[in-house]
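Below is one structure, written out as structure tokens; comments come after it.
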Amino acid sequence: MKKYIIYTAVLAVGLLLGWFLFGGTSNTETEHKHDNAAETNQMWTCSMHPQIMQPESGPCPICGMDLIPAESSAKGLLADQFKLSENAMALANIQTSIVGNSNTEDNAITLSGKIVENEDNTAIQPAHFDGRIEKLYVKSLGEKVNKGQAIAKIYSADLIAAQQELITTYSIRASQPHLYKAVQNKFKNWKIHGSQLDDVLKTGQVKTSFTIYSHVSGIVTEIAVSDGAHIMDGKPIFKVSNLATVWANFDVYENQISQFKKGQNIDVVTNAYSNKVFKGTVDFIDPILDTRTRTVKLRVVLDNKDQILKPGLFVEGKIKGITATKSDALSIPTTAVLWTGKRSVVYIKSNPNEPVFEMREITLGTQIGDNYQVLEGLNTGDEVVTNGTFTVDAAAQLQGKKSMMNKKGGKVMTGHEGHLGMETTTNTTRQKGVNTERIDVSKQFQNQLKVVFNDYIQLKEALLKDDINTIKAESKQLLNDLSKVDMTLLTSQEAHKQWMSLEKELKSITTSLSNTSEIENLRGHFKDLSSKLTEVIEVFGINEKVYHQFCPMGDNNKGVYWLSKKENVINPYFGGKMLTCGEVRQTIN
């Protein structure tokens, strides 16, 4: 019996010792396995291209920068939903708007509109004689001009002849005062007087050019001439506006016209100042119906002493105390809509607190200005993407979700994986925040850009002939070569940022070109393309001399730019007419 007790004790001690030696190993191994699993599930992304997701660290396949750990964010999403990182949202400048129809909770009707200049407070600075501009001192839109400010230096053959008459009649003014007075009145009608004429009389020398002065004050909103241009008596040099007040123009459907009248109070809001409400009253209702859109214009005058309301801003106007009809359609900005030729789609933000999106097919009605009627597919309160729509669509493709070109979803390769497009823009000035100073890049990168530039030249040649089919074909070739530009050749983060921003807009504009069939719209997109490609060449260069040319008569006398390999001017905007209208404004080396 004693022997069994000893055996039992030895066995118990052995088991206890084994547990101390090996029992913790299992837990440790389990912990290691969990850690390994966590490491295995870790995904890696690129700070410059957040759409890139890889299971291990390494260089970005687009730009070559080191990948960083990515946060897991796909939990709790429905099959058609996808999520973007905050970094991707910021880089693409994605903006959304709440869809509202005419019938709101507080029994008010909401209208879509745009801020424009108050035409009652605009003035034209005309030319008062024929001549040629040797130096134009007012060159920038938005520039402030004061009455009496020098605006241009002018050469005029008429002025030279008149000065000779002035000098001659001045010497006989005692005997022929009426003749001298008549010559003086000629200069007075030309708005030339003061010290410039006194110098002519004092020296007896004829001036070859005269400085002319503004007789209006305001903010320059249109410039009709440029250095070297000829001016004619009565033709405008520039237009100025007093922006202390502005107009908000709204579109009213024909079935709503009877509900509006002058003097109604209206609250105006804009995304630019989301916390501010601008008060106004209905000032004018157009008596003529636009037969194309079946709408009339409703106008509101808004106080703008601080000049925070900029012409071109989209606004919404809400008039209380009006009951809307059920037939009133929703409306959304044109920038929200992607169109494949057969389908119209938008992207809605599914979660108001998270960057979660999904595609929605819609049925469009009439286009009214910068908005579309939506007949089916959206509801009041839906939040739609209005800026960065192409970016969101590309992200949907990369994540295998329903997208513009992929109705059923599933992973799609974009050709240049992750290089996302961007919304179309009608702004032809330099992009805000883009540095146009030259950045040193390799000749190989410049040569790839040169291929894109050569495609642009071919596109321009097709535009000269108004050859729509060739224009669309060349646009697709340009888009294809643009996707082949290798960002990994860029060595600095500044170069990466510049190229990403410019490439997105180039792709968006070129896509619009390839999908457009109206020649006037094609010219508008070509104008935007020229502006953006100019920035690319200014920033990176293409190892070739490029001529930046300008015609003041294009785009309804707003002026148009284009690029050329040759110094001689061949204007692509008039379809073979006025081929030599224009001049070289800049040579980019």
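Residue numbers for the sequence shown follow the numbering used here, beginning at 883 and rising by one. Ideal placement from N, C-alpha and C gives every residue a C-beta, glycine not left out. Since the structure is predicted, the reported quantities are computational estimates derived from the model, not experimental observations.
*7 Å CB neighbourhood of residue 1331 in its chain, flanking five on each side removed*: The answer, listed in chain order, is 1367, 1418, 1422 and 1424.
*Expressed to the nearest angstrom, what Euclidean distance is found between the alpha-carbon atoms of residue 1199 and residue 1076?*
If I take the Cα positions, the gap works out to 50 Å.
*Are the region 1257 to 1277 and the region 960 to 974 touching by the rule of at least three beta carbon pairs closer than 8 Å?*
Yes, they touch.
*Apart from the five residues just before and just after residue 1195, which ones in its own chain have a Cβ nearer than 8 Å to its Cβ?*
Closer than 8 Å at the Cβ level, and outside the excluded window around residue 1195, lie 996, 997, 1152 and 1154.
*Any chance the region 1425 to 1441 sits against the region 1107 to 1124, with 3 or more Cβ pairs inside 8 Å?*
Inter-segment contact for the region 1425 to 1441 and the region 1107 to 1124 is present: three or more beta-carbon pairs are separated by less than 8 Å.
*Identity of the residue in 1130, 1104, 1134 and 1128 nearest residue 1120 by Cα*: Here the closest residue by C-alpha is 1104.
*asked:* Under DSSP, the alpha helix (DSSP H) around residue 1225 begins and ends at which residues?
replied: Per DSSP, residue 1225 is not a residue of any alpha helix (DSSP H), being assigned neither H nor E.
*Over the uninterrupted beta strand (DSSP E) stretch that includes residue 1255, give me the two end residues.*
First-last of the beta strand (DSSP E) with residue 1255: 1253 to 1258.
*The beta strand (DSSP E) enclosing residue 1034, as first and last residue numbers*: Run containing residue 1034: 1032 to 1037, per the beta strand (DSSP E) assignment.
*Compare the beta carbon distance of residue 1237 and residue 1427 with 7 Å and say whether it is the shorter of the two.*
Not in contact: residue 1237 and residue 1427 (Cβ atoms no closer than 7 Å).
*Give the C-beta separation of residue 1364 and residue 1389 to the nearest angstrom, bearing in mind that I take them to be a contact with Cβ-Cβ under 8 Å.*
About 6 Å; that satisfies the 8 Å criterion.
*Where residue 991 falls, given that 16 or more other Cβ within 10 Å makes a residue buried*: Buried, since its Cβ has 16 or more Cβ neighbours within 10 Å.
*Do residue 1327 and residue 1371 have their C-beta atoms closer together than 7 Å?*
Against a cut-off of 7 Å, the Cβ pair of residue 1371 and residue 1327 comes out as a contact.
*Would the beta-carbon of residue 1405 fall within 7 Å of that of residue 1430?*
No, they are not a contact pair.
*Go ahead and pull the three-state DSSP assignment for residue 966.*
Coil, per DSSP.
*Should residue 1474 and residue 1253 be called a contact, given that it needs their Cβ atoms to be closer than 7 Å?*
With the chain represented from 883 up to 1471, any question about residue 1474 goes unanswered, as that position is not in the structure.
*Apart from the five residues just before and just after residue 1051, which ones in its own chain have a Cβ nearer than 6 Å to its Cβ?*
Taking C-beta separations shorter than 6 Å and ignoring five residues to either side along the sequence, the partners of residue 1051 in its chain run 1061, 1062 and 1065, following chain order.
*asked:* Using only CA atoms, which one of 1444, 1123 and 1070 lies nearest to residue 1470?
replied: Taking only the C-alpha atoms, the option nearest residue 1470 is 1444.
*Apply the 10 Å Cβ neighbour rule to residue 1013 and answer buried if 16 or more other Cβ atoms are within range, or exposed otherwise.*
Burial call: buried.
*Grouping DSSP H, G and I as helix and E and B as strand, with all else coil, what is residue 1300?*
Model confidence at residue 1300 stands at a pLDDT of 36, short of 50, so the residue's coordinates are unreliable and nothing is read from them.
*How many Å lie between residue 1144 and residue 1168 at the Cα?*
Roughly 11 Å between the two C-alpha positions.
*Option in 1233, 1340 and 1442 with minimal Cα separation from residue 959*: Selected option, being the one with the closest Cα: 1233.
*When every heavy atom of the ligand MN is checked, does at least one fall within less than 6 Å of the C-beta of residue 1022?*
By its list of ligands, the structure shown contains no ligand whatsoever, and the ligand MN lies outside what it can speak to.
_Going by C-alpha to C-alpha distance, which of 1011, 1055 and 1025 sits closest to residue 1043?_
When only C-alpha atoms are compared, the closest one is 1011.
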